[in-house]
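Numbering (this note's numbering), first residue to last: 160 to 283. By construction, the Cβ of each residue, glycine as well, lies at the ideal position given by its N, Cα and C atoms. Before any comments, here is the structure.
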Amino acid sequence: MKTYLDAEPVALIADAGQLQQVFVNLVLNARDALPGGGELTVTTRRSGPWVAIEVADTGPGVAREMVARLFEPFASTKDTGLGLGLVISKRIVEDHGGTIGAVNQPNGGACFYVRLPIGAPRDI
160 MKTYLDAEPV ALIADAGQLQ QVFVNLVLNA RDALPGGGEL TVTTRRSGPW
210 VAIEVADTGP GVAREMVARL FEPFASTKDT GLGLGLVISK RIVEDHGGTI
260 GAVNQPNGGA CFYVRLPIGA PRDI
């Protein structure tokens with residue numbers, strides 16, 4: 160796994176345990192997309208009043224039929240699991256005043272991105 164972290168640490172007023180759950184889920188999903196090997200990259204950077212975090216992989220990307228359903232309950236292409244990880248992650252990110260989404264990268268692989276406000280979010 161490669162990491163590219165912003166030079167200046169960013170302090171968020173957030174529930175660290177909940178955000179950890181989000182990022183562990185995204186990293187495990189990316190790892191699952193690389194059964195034959197590949198690259199997993201985590202990037203953080205400030206963007207105005209936000210911090211942007213990206214978890215990207217060089218796997219096959221998100222299947223076309225799954226793109227619109229990624230954050231819906233029970234939507235999964237995995238043989239195991241319930242298809243709730245991204246649903247829960249979305250709720251956590253939104254409860255922190257942020258956004259989460261995904262795109263397929265032009266050269267292959269998927270990139271999941273999270274934007275969180277720097278400063279006090281809504282009630283957590």
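Any non-hydrogen atom of the ligand ATP within 6 Å of residue i CB
| i | result |
| --- | --- |
| Gln264 | Of ligands this structure carries none, so the ligand ATP is not represented either. |
Residue span of the beta strand (DSSP E) that contains residue i, given as start and end
| i | result |
| --- | --- |
| Leu199 | Leu199 to Ser206 |
Exposure label - residue i; buried when at least 16 CB within 10 Å
| i | result |
| --- | --- |
| Ser248 | buried |
| Ala157 | With the chain covering 160 to 283 only, the question about residue 157 has no answer from this structure. |
| Ala222 | exposed |
| Val210 | buried |
| Gly257 | buried |
CB contact flag (residue i, residue j, <7 Å)
| i | j | result |
| --- | --- | --- |
| Gly218 | Leu185 | no |
| Leu275 | Leu187 | no |
| Val169 | Ile277 | yes |
Host alpha helix (DSSP H) of residue i (start-end)
| i | result |
| --- | --- |
| Asp165 | Run containing Asp165: none; DSSP gives neither H nor E here. |
Of the listed residues the options, nearest to residue i (C-alpha basis)
| i | options | result |
| --- | --- | --- |
| Val183 | Leu199, Thr236 and Arg205 | Leu199 |
| Leu178 | Gly220, Phe230, His255 and Thr202 | His255 |
| Thr166 | Arg205, Gly195 and Asp191 | Checking the displayed sequence, the identity of residue 166 turns out to be Ala instead of Thr. Selected option, being the one with the closest Cα: Arg205. |
| Gly267 | Leu243, Arg228, Ala189 and Gly257 | Ala189 |
| Thr239 | Ala173, Asp191, Gln180 and Lys161 | Asp191 |
| Arg228 | Met160, Pro265, Leu243 and Ile212 | Leu243 |
Contacting residues, own chain, Cβ-Cβ under 8 Å from residue i (five flanking each side not counted)
| i | result |
| --- | --- |
| Gly260 | Phe271 and Tyr272 |
| Glu253 | Ile259 |
Same chain only: Cβ atoms within 6 Å of residue i, ignoring 5 sequence neighbours per side
| i | result |
| --- | --- |
| Tyr163 | Thr202 |
Beta-carbon contacts of residue i that lie in its chain and below 7 Å, excluding the five residues immediately before and after
| i | result |
| --- | --- |
| Asn263 | Gly220, Val221 and Ala269 |
| Phe230 | Leu245, Val246 and Lys249 |
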